[in-house]
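Per the working numbering, the very first residue in the sequence shown carries number 133; after that it's consecutive.
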Amino acid sequence: MLYRTLLCNAILISMDNTTAQKRIQELSQLIDNYNYEYYVNDTSIITDYEFDLLMAELMQLEKEYPEYALPSSPTKRVGGEVNKTFKQVKHKYPMLSLGNTYSIEEIVEFDNRVRKLLGDRPLSYTCELKYDGVAVGLSYEDGVLVQAVTRGNGAEGDDITDNIRTIRSIPLKLRGHYPAVFEVRGEVVFPWKDFDDFNEYRANNGEEPFANPRNAASGSLKLQDSKEVAKRKLDFCFYSLMGEDLPSTTHYGRLTEAKDWGFKIEKDLVKECCSIDEIQDYIAYWDKHRSELPYAIDGIVIKVNEVELWDELGMTAKSPRWAIAYKFKAERVATRLVSVNFQVGRTGIVTPVANLEPVWLGGTTVRRATLNNADFIEKMDIRINDIVFVEKGGEIIPKIVGVDVDNRPVDALPFTYIAHCPVCGSALVRNEGEAGYYCPNEDGCPTQLIGKLEHFVSRKAMNIDTIGSERLAMLFEKGLVKTVADLYDLKREQLIGLESVSENKKRTSIQEKGADNIIAALELSKQVPFERVLYALGIRFVGEVGAKKLVRYFKNIDTLAQANIMELAMVEDVGEKTAISIFDFFNNTKHLELVVRLKKAGLQFKVQETKVSNVLEGLSFVVSGVFSKFSREQLKQHIEQHGGKVLSSVSSKTSYIVAGDKMGPEKLKKAEKLNVKVIDEDTYLEMCKDDSL
Ligand code: IVH
C-alpha cells in the first residue's frame, strides 16, 4: 500500500532541498487524505500509530526546511500560533440571523407568504438541522482556507483562523473543482461525547465544567493558544456557501457540490421537500430523534431551495424572507426535589439551588437547578420531596419551571427560607422591590470577599491569570490578601513556598518562577484600561458594557465618584437601580480608600484619549439605528475622537441625530418636534472632514 512505502521513506537521512520539498508535499497530501477519510468520510485506513509517524516526519521536515512548509499544511492542525488579541474583520457578506418560530402554523404562514410573493413560480424547500454551536465564516481562495471569522455583531467579527485550522473536519486545502473565491458558513460544535470527556477532565483538574457544548465551543474558539484549541475535539457543520461564482441553482445542489470539495456533509440529514407535509414530517422526526445525533441541535432550518429566488424574496428588518427556523420546545422532565442549598455570590446575593434526583435532560445528567429567589419559591409553593419539572432551554443553568401539585407526595415538606447567611451568619436583608435576599456583610463574609477577588482577576476584568481561584483562596486564608488592593502589596518573597490545595486534593507550592510570574502579571495589569478596571471593581449591576459606557461618559474615576444619581442615570443604559448602586459604592469610605490604594499602585483610572481632531467641538449627537460603516459603539467613539459629545436621548440641546437603518420611531418623533436635524452616516462623515489638516 502507498502509505507503507511512504513510511519506509520516513527514515530521516539528510536530504537535498528538492527531495525535502517533494517529501513535504507528499506527506502533506497523504496526511490530508487520511484526515479527510477519517473526519469527513468516517473511515479509518491506517492506525493512529502509523498516522502519528507520518505527522512526526512532516513536522521534523518542516522544522528543518521551514521554507517548504505549505500554508495549508496539516501540521497547522496541531496548533501553536498564539494570538494575543483577535484581529477584527469586516464580513464581506453580513452574517444574518433567522426569523424563528415554535409553531407549525407559522411555518404554514411562512410558506403562504413565500408563495404569494413569488406568484405561481415552482419552488421547493430544503430542511436541515439547526446546529447549536458557534457561527463562523470560512474564506477560501484558490482552494486554500485563508481566513475564519466569528459572527461577531453580524457586520464584523474576530479573526480566529489559527484556532479553526485545528478542527480536523475543516479542509485546509480543497479537492475537486471549487470556485476560486468563496465563503462557507457553518457552526462549530462540540460533540456530546467529547464535551463530556472534556468536562470530566476539567472537573478532575479542579476547573469549573462548561454548562453546555455551545458555551464550551465558544470558550474554546476564544482561546489565545491554538494548541489548546487543538486538544478540544471540535467539529464543524456547514450550512451555506457565499460567493459570486457558485455552482448549481439550488441550495441542496450547492451543499452536495461542496461535499466533493472536501466538506463534511451528511446528505441524509438535509432533505429537499416539496410540501408542508414533508416539512412537518422532517420536523417531527428530528424532534423525536435529536438526542441520537452526536451533537446538539436546537431546531430545524427551512430554506427556499432555488437560490435565484432569494434576492427576489429579499429581507425583513433583520432576517431573510427565504428562510425560517423552527425551534424545538425546551425539553422538560420531571424529577424529585431532594434538598435545597443556598449559595452566596460575590455581591452577597443569595441564590437557592435545588438538589435533584439525577435525571437525563438534553444530553446531560442534571443534578442541580436554580430556584431563582425567595419570591419564586413562595409563588410556586415548592416543597422538599415534590416532583418538579425541570427545563433546559438555550440558557446555561437548568431551571425548575413547575411543581406537580396534583401528585404531591404525603411526605412533601414546606421549607423556610434561610434568615442568616450560610457562610458568615449575618442576618440576610432584602431591599424593597427586589426579589432576592442578600448578605450585607460585604467586608467580612469570606465568600463575598473571595468572590470579589476572583471577579477582579478574571479574564474580562484584570485578566491576572497567574492567580486562579485556588491561589486566591490560599492567599485569603493566610491573611495576605483580603481586598483587591492587597494584591498589589504582595512581595515575591512572601509568595515563594506558599502551598495551595486543588479541588481534587492535590498540593502545589509556589516556586520562584511562579512567584515571578504572579508579580509580573500584577505589574502588567496596571496597563489594563480604565473600563475594565471599573468593571473589575465589581460594583453591583455594572457589567462590562455598562462600565464602558460610564467610562466614556465620565472619563475618569473622580468625576464618576462625584456624580449624583441623576447624572449617573443620564448615561445610556444606566437605569435607576444601577445609578443608585454606583452612587452608594462611591459613598462608602472603604471603597474610596480602596480606589486610592489602587491608584497609588498605578492602575488606570482615566481614559486614554485618542483625539483625532476637534472638528465636532461644541456639537452634540444622538446615535440611533444600525449603520453600515460602523457599529453603534464605533460611531460614538468616532464622534468623541473628533471632539463631539454623545448624548443618550434627544433634547433641544442635541445638535444632530445620526440615523442608521431602523432608527427608533420615538427618537424620530422627538427630533421632528424639537426641530433637531437628522443626518445619515455619510453626511456625518462629510462633517468630520477636517480642512485644516
Ligand atoms: S442559515 C440568513 N442554516 O442559526 C441566515 N443557520 O439565527 C443564514 N444556524 O447564527 C443562516 N444551523 O449560525 C442556517 N442549518 C442552518 C443553521 C443555521 C444553525 C445558526 C446560524 C445563525 C442562526 C440563525
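For each residue, glycine too, the CB sits at the ideal point set by N, CA and C.
- prompt: What residues in its chain sit with their C-beta under 8 Å from that of alanine 142, if we drop five residues either side in the sequence?
  reply: Confidence at alanine 142 is low in this model, with a pLDDT of 46, below 50, so the placement of that residue should be treated as unreliable; the coordinate-derived value is given next. Cβ neighbours of alanine 142 beyond the five flanking positions: Leu185, Leu186 and Glu189.
query: I think phenylalanine 715 touches leucine 692, with their Cβ atoms under 8 Å apart; what is that distance to the nearest whole Å?
result: The Cβ separation is near 10 Å, so there is no contact.
message: For serine 229, which residues in the same chain have their Cβ closer than 7 Å to its Cβ, ignoring the five residues on either side in sequence?
response: Lys450 and Ser451
message: Within 10 Å of its beta-carbon, does lysine 638 have 16 or more other beta-carbons around it, so buried, or fewer, so exposed?
response: Classification of lysine 638: exposed, given that the 10 Å Cβ count is below 16.
query: Given that a residue counts as buried once 16 or more other Cβ atoms are within 10 Å of its Cβ, and exposed if not, what is phenylalanine 547?
result: Of the other Cβ atoms in all chains shown, fewer than 16 fall within 10 Å of the Cβ of phenylalanine 547; this residue is therefore exposed.
- prompt: Heavy atom of the ligand IVH less than 7 Å from the Cβ of tyrosine 384, yes or no?
  reply: no
- prompt: Taking the runs of the alpha helix (DSSP H) that are 4 residues or longer, which of them lie wholly in the stretch 470–555?
  reply: 506–512
task: Could you have a look at threonine 467 and say whether DSSP puts it in helix, strand or coil?
output: strand
message: Measuring alpha carbon to alpha carbon, tell me which residue in Lys794, Lys821 and Ala803 is nearest cysteine 448.
response: Here residue 448 is threonine; the residue named in the question, cysteine, does not match the sequence. Measuring from the Cα of threonine 448, the nearest candidate turns out to be Lys794.
- prompt: Where does glycine 289 sit, in a helix, a strand or coil, going by DSSP?
  reply: strand
- prompt: Does the distance from the CB of leucine 261 to the CB of isoleucine 408 come in under 8 Å?
  reply: no
- prompt: Cβ atoms of phenylalanine 370 and isoleucine 397: under 8 Å apart, would you say?
  reply: Taking 8 Å as the Cβ cut-off, isoleucine 397 and phenylalanine 370 qualify as a contacting pair.
query: Can the beta-carbon of glutamate 586 be found closer than 8 Å to that of leucine 604?
result: yes
- prompt: Just the Cα atoms here: how many angstroms apart are glutamate 199 and threonine 293?
  reply: 21 Å
query: CA-CA distance, asparagine 487 and phenylalanine 460?
result: 26 Å
query: When DSSP labels each residue in this structure, what does lysine 305 get in the three-state scheme?
result: strand
task: Indicate the three-state DSSP secondary structure (helix, strand or coil) for tyrosine 667 in the structure shown.
output: helix
field: Contacting residues, own chain, Cβ-Cβ under 6 Å from valine 313 (five flanking each side not counted)
entry: Glu273
field: Beta-carbon proximity of serine 745 to histidine 774, cut-off 8 Å
entry: yes
task: Compute the minimum distance between the beta carbon of alanine 287 and the heavy atoms of the ligand IVH, and state whether it is under 7 Å.
output: no
message: Any heavy atom of the ligand IVH inside 7 Å of the beta-carbon of glutamate 319?
response: yes
message: Taking 8 Å as the threshold (C-beta atoms), are glycine 269 and glutamate 315 in contact?
response: yes
query: According to the neighbour-count rule (16 or more other Cβ atoms, all chains shown, within 10 Å of its Cβ), is glycine 393 buried or exposed?
result: Per the sequence shown, residue 393 should be read as tryptophan rather than glycine. Buried, since its Cβ has 16 or more Cβ neighbours within 10 Å.
field: Top-ranked residue by Cα proximity to proline 203, from Leu277, Glu237, Gly265 and Tyr549
entry: Here the closest residue by C-alpha is Leu277.
query: Straight-line CA distance for glutamate 609 to aspartate 328?
result: 33 Å
message: Extract the residue ranges of the alpha helix (DSSP H) inside the stretch 707–732, only unbroken runs of 4 or more that lie entirely within it.
response: 708–718
Option nearest glutamate 463 by Cα separation, candidates Val755, Ile302, Val485 and Thr497: Thr497
message: I'd like to confirm something about proline 484: is its beta-carbon nearer than 7 Å to some heavy atom of the ligand IVH, or not?
response: Checking every heavy atom of the ligand IVH against the Cβ of proline 484, none is found closer than 7 Å.
message: Is tyrosine 458 a contact residue of the ligand IVH, with contact defined as CB to any heavy atom under 7 Å?
response: no
message: Tell me the DSSP secondary structure of leucine 656 in three-state form.
response: helix
query: Hey, would you say the C-beta of glutamate 260 is under 7 Å away from at least one heavy atom of the ligand IVH?
result: yes
message: On the criterion of 16 or more Cβ atoms from any shown chain inside 10 Å, does alanine 559 qualify as buried, or is it exposed?
response: Exposed, because fewer than 16 other Cβ atoms sit within 10 Å of the Cβ of alanine 559.
message: Quick check on the DSSP output: the alpha helix (DSSP H) that includes alanine 362 runs from which residue to which?
response: In the DSSP annotation of this structure, the continuous segment of the alpha helix (DSSP H) that includes alanine 362 starts and ends at 358–363.
query: Just curious, the beta strand (DSSP E) that lysine 403 is in, first and last residue?
result: 403–405
query: Are the beta-carbon atoms belonging to valine 485 and arginine 500 less than 8 Å from one another?
result: yes
- request: Check alanine 152 in the structure and name its three-state DSSP category.
  value: helix
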